[in-house]
Amino acid sequence: MTMIKRQHKKEDIMTNTPLLEIEDLYARVGEKEIIKDFNLTINEGEVHAIMGPNGAGKSTLSYVLTGKPGYEVTSGKVWFKGKDLLAMSPEERAREGIFLCMQYPVEIPGVPTTTFLKHAVNAVRKHRNEPELDTLNFVKMVREEGKALGIDNEMIKRPVNVGFSGGEKKRLETLQMSILKPDFSILDEADSGLDIDALKVVADGVNALRDGHRSMLVITHYQRLLNYIVPDFVHVFADGHIVRSGDKTLALELEEKGYAEFVKEK
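Quick note: the sequence shown, position 148, residue 148 per this note's numbering, numbers continuous.
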């Protein structure tokens with residue numbers, strides 16, 4: 001099983017260091033504790049799925065990992081590529097290779113999608129000590145990646161997510177992943193509001209990034225998404241932490257039986 005606990009030291013950065021390691025994590029929003037004694041280890045190239053009932057804290061976990069303000073870590077450690085993730089700003093986490101595919105992507109009026117993407121790509125490339133892309137090469141890359149996802153040039157010229165349908169917003173997020181090529185992607189209910197055709201497009205884009213090195217955490221209520229993005233591990237998340245883990249067949253069991261046995265009476 002991949003859930004382990006171990007102490008880190010600065011000199012303990014070796015080639016077999018897990019990509020992401022969460023140890024005894026507690027986090028709250030306001031006065032309410034949401035994440036409780038959470039432990040998870042994800043290695044390079046692994047796809048983990050977290051499933052659970054509403055209110056379990058799944059989305060809170062994604063916000064804690066990406067550093068969203070208002071989500072306070074009260075105890076525990078999170079290491080990303082051997083580095084202290086909790087010591088990083090949200091911007092540093094993104095540049096290090098963490099990407100969040102949000103359940104409800106926000107609109108950014110007045111900011112063209114191409115401008116937004118170019119600044120994001122070049123910020124990551126600069127962080128990696130790679131040369132920044134000029135406009136010509138950037139546009140060529142975006143068009144090629146967009147074509148594979150069914151995104152036309154006119155859509156990319158519009159302000160970020162403004163007037164987009166739910167499916168278009170998810171396709172645009174998949175385009176961002178395709179261009180940025182993050183080491184670790186968190187998909188927070190990426191299937192929310194999608195019809196089957198849009199779901200297949202998004203899943204194809206996500207699966208194209210699976211190369212044995214990049215890892216993903218797929219957060220979902222339902223098993224249907226996992227028909228298209230097949231996980232290596234499935235975890236049941238309830239009452240703020242993982243209560244059971246297994247392989248992809250666990251998702252089928254949850255689809256059949258639901259989460260009743262994992263929900264505490266209040």
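Cβ coordinates follow ideal geometry from the N, Cα and C atoms, glycine included.
Quick check on the DSSP output: the alpha helix (DSSP H) that includes Met177 runs from which residue to which?
166-180
Is it buried or exposed for Leu173, if we count other Cβ within 10 angstroms and need 16 for buried?
One detail in the question is off: residue 173 reads as Glu in this sequence, not Leu. With 16 or more other Cβ atoms within 10 Å, it is buried.
What residue ranges within the stretch 55-140 form continuous alpha helix (DSSP H) runs of no fewer than 4 residues, ordered along the chain?
58-66, 90-96, 113-127
My assumption, with CB atoms under 8 Å, is that Ile219 sits in contact with Ser59. Please give the rounded CB distance.
7 Å
Measure the Cβ-Cβ separation of Gly205 and Gly57 and say whether it is below 7 Å.
no
Could you give the first and the last residue of the continuous beta strand (DSSP E) run that contains Asp24?
20-29
On the three-state DSSP scale, how would you describe Ile156?
helix
List the endpoints of the continuous alpha helix (DSSP H) containing Asp232.
Careful: Asp232 lies outside any alpha helix (DSSP H) and carries neither H nor E.
Would you identify the three-state DSSP class for Lys32, choosing helix, strand or coil?
strand
State the beta-bridge partners of Leu217 as determined by DSSP.
His48, Ile186
What are the boundary residues of the beta strand (DSSP E) that includes Ile242?
241-246
Alpha carbon of Val236 to alpha carbon of Arg244, nearest angstrom
5 Å
Thr249, enclosing alpha helix (DSSP H) - first and last residue:
249-257
Shortest alpha-carbon distance to Lys257 belongs to which of Tyr222, Tyr63, Pro231?
Tyr222
Rounded to a whole number of angstroms, what is the C-alpha to C-alpha distance between Ile13 and Glu130?
With a pLDDT of only 41 at Ile13, under 50, the local geometry of the prediction cannot be trusted, and the value read off the model is given with reservation. Their backbone Cα atoms lie some 23 Å apart in a straight line.
Pairs of beta-carbons, one from the stretch 98-113 and one from the stretch 171-190, closer than 8 Å: are there three or more?
yes
On a CA-only basis, which of Phe138, Gly30, Pro109, Leu20 is nearest His48? Give me that one, please.
Leu20
Go through its chain and collect everything with a Cβ distance to Gly110's Cβ below 8 Å, but skip five positions before and after it.
Pro159
Do Leu86 and Val106 have their C-beta atoms within less than 7 Å of each other?
no
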